[in-house]
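*Asks:* Just dropping this structure here.
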Amino acid sequence: MTFPNRRPRRLRGTAAMRRLVAQTSLEPRHLVLPMFVADGIDEPRPIGSMPGVVQHTRESLRRAAAEAVGAGVGGLMLFGVPQEADKDATGSIGADEHGILNAALRDLTADLGDDTVLMADTCLDEFTDHGHCGVLDARGRVDNDATNARYVELAVAQAEAGAQVVSPSGMMDGQVAAIRAGLDAAGHTDVAILAYAAKFASGFYGPFREAVASSLSGDRRTYQQDPGNAREALLEVRLDIDEGADMVMIKPALGYLDVVRAAADISPVPVAAYQVSGEYAMISAAAANGWIDGPAVALEALTGIRRAGADIVLTYWAVEAAGWLG
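Just so you know, we're using our numbering here: the sequence shown kicks off at 1 and counts up by one.
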């Protein structure tokens, strides 16, 4: 018999050995927890398509945020869900200092200070009565430049409420440059921008639309990216970096790991990837049916996103994953 000279299994024999030679790490500090806070509710409201995820009241948000920070999660991303009556064509409640998102940002700033990185979704879709991410023109199409002006208002309001990171997710051309100029002019030069640089028009967002009570009819294909266009995604990443983005995001994650890898290869700033609601829902549903080991698959998916090159991963499992990681 002949025996192999190289035996890679030698480095897999014990948990300690596997830990010693691990090439990709997954730690709680890499994870950001997306959280929803809703106006006009008296108790947390479960999101049916996202088991274990809720729309929070302001008070339950404060408790959940403190738990996440205590678990070592790296940051929190807040989404606001206003009452239906407060939505309008321009999403004005999003920039209102008394609006639910800005009120919640002030709550968490007071509670947590610099113990976490507090991020805000800087988009209009939750706040508009038509559900699009921007202001509509006379033809019913999203007006890019008018929308950027509204994003500046949102970003400044969020910074004033305590957000350390604003996160434009609408995929408007020039949105990062407009927000950077607006923040700087308002004296918020220390507030960072996490740009959703490559956000694809994906079917994986379905459960999220329930989570934010979206009013959208139709789709967002005139501004979100075509799923087949990887080179265009890298153009968007480069443009956002040139405009002053401090971090860039790829969304969704698992179907776009090639884009995450390519972005990491060219980006001088940290790269984030968002494990979106549909990814969470699929794994949760399969686990609930006993078809897979939910925690094991969730951690495997998160490790894969990190292995592809993401420095930061947004995931609804952030707190649970921190516990699973020990």
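Backbone N, C-alpha and C fix where the C-beta goes; we use that ideal spot for every residue, glycine too.
Values in this document were obtained by computation on a predicted structure and should not be read as measured data.
What's the call for Ala185, buried or exposed, on a 16-neighbour Cβ count within 10 Å?
*Replies:* So Ala185 counts as exposed.
*Asks:* What is the DSSP secondary structure of Pro168, counted as helix, strand or coil?
*Replies:* Of the three classes helix, strand and coil, the one that applies to Pro168 here is strand, per DSSP.
*Asks:* Look up Thr122 in the DSSP assignment and say whether it is helix, strand or coil.
*Replies:* Strand at Thr122.
*Asks:* With 16 other CB atoms within 10 Å as the buried threshold, where does Asn328 fall?
*Replies:* Residue 328 lies beyond the range of the chain shown here (1 to 326); nothing can be said about it.
*Asks:* Among the candidates Leu254, Ala15, Ile250 and Tyr274, whose CA atom is the shortest distance from the CA of Ala263?
*Replies:* Answer by Cα proximity: Ile250.
*Asks:* Are Ala163 and Leu105 close, meaning C-beta to C-beta below 8 Å?
*Replies:* In this structure, Leu105 lies closer than 8 Å to Ala163 by Cβ.
*Asks:* Are Val135 and Thr90 touching if we call contact CB-CB under 8 Å?
*Replies:* Yes, they are a contact pair.
*Asks:* Output the distance between the C-alpha atoms of Asp293 and Leu299, rounded to the nearest integer angstrom.
*Replies:* Approximately 10 Å, taken between the alpha carbons.
*Asks:* Using the three-state DSSP reduction, which class does Val142 fall into: helix, strand or coil?
*Replies:* It is a strand residue.
*Asks:* Pull up the distance between the alpha-carbon of Asp86 and that of Ile93, whole angstroms please.
*Replies:* One C-alpha to the other measures close to 7 Å.
*Asks:* Here's the rule: buried if 16 or more other CB atoms are within 10 angstroms of the residue's CB, otherwise exposed. What is Phe3?
*Replies:* Result: exposed.
*Asks:* Taking the DSSP output, what are the residues bridged to Tyr274?
*Replies:* Answer is Leu314.
*Asks:* Spatial neighbours of Ala71 within its chain, please: C-beta separation below 7 Å, excluding the five flanking residues on both sides.
*Replies:* Once the five neighbours on either side are set aside, the close Cβ partners of Ala71 are Pro28, Val319, Ala322 and Gly323.
*Asks:* So, at 8 Å on beta carbons, what are the nonlocal neighbours of Val271 in its own chain, with the 5 sequence-adjacent residues on each side left out?
*Replies:* So the list reads Met247, Val248, Met249, Ile250, Val260, Ala263, Ala264, Gly309, Ala310, Asp311 and Ile312, once near-sequence residues are dropped.
*Asks:* Is it the case that the stretch 149-161 contacts the stretch 169-184, given that we only count it when at least three CB pairs across the two stretches are under 8 Å?
*Replies:* Taking 8 Å as the limit for Cβ pairs, the verdict is that the stretch 149-161 does touch the stretch 169-184.
*Asks:* Restricting to runs no shorter than 4 residues, where is the alpha helix (DSSP H) found entirely within the stretch 195-228?
*Replies:* Taking only runs of at least 4 residues, the alpha helix (DSSP H) segments lying wholly in the stretch 195-228 are 206-211.
*Asks:* Out of His130, Asn148 and Ala149, which one is the CA nearest neighbour of Gly329?
*Replies:* A query on residue 329 cannot be resolved here, the shown segment of the chain reaching from 1 to 326 and no further.
*Asks:* What does the alpha-carbon distance come out to for the pair Leu235 and Asp143?
*Replies:* Each residue's Cα considered, the two are about 21 Å apart.
*Asks:* For the stretch 227-293, list the beta strand (DSSP E) runs that are entirely contained and at least 3 residues long, ordered along the chain.
*Replies:* Runs of the beta strand (DSSP E) inside the stretch 227-293: 247-251 and 271-274.
*Asks:* Assess, as a yes-or-no matter, whether the stretch 171-180 is touched by the stretch 193-201 under the definition of 3 or more beta carbon pairs within less than 8 Å.
*Replies:* The stretch 193-201 vs the stretch 171-180: in contact.
*Asks:* Between Glu160, Asp125, Ala161 and Val166, which lies nearest to Thr147 when the distance is taken from Cα to Cα?
*Replies:* Among Glu160, Asp125, Ala161 and Val166, the Cα nearest to that of Thr147 is on Asp125.
*Asks:* Quick check on the burial criterion: 16 or more other C-beta atoms within 10 angstroms. Buried or exposed for Gln224?
*Replies:* Buried: at least 16 other Cβ atoms inside 10 Å.
*Asks:* Can you list, in chain order, the residues of its chain with a C-beta nearer than 7 Å to that of Val69? Leave out the 5 residues immediately preceding and following it.
*Replies:* Here the set comprises Leu112, Asp115 and Thr116.
*Asks:* Could you give the C-beta distance for Thr303 and Leu26, rounded to a whole number, given that I count them as a contact under 8 Å?
*Replies:* Going by Cβ atoms, the distance from Thr303 to Leu26 rounds to 5 Å, so yes, they are a contact pair.
*Asks:* Using CA atoms only, rank isn't needed, just tell me which of Gly278, Val81 and Val32 is closest to Ser215.
*Replies:* Looking at the Cα atoms, Val81 is the closest of the given residues.
*Asks:* Given this structure, state the Cα-to-Cα distance separating Gly170 from Thr222, to the nearest angstrom.
*Replies:* Going by the C-alpha atoms only, they are around 11 Å apart.
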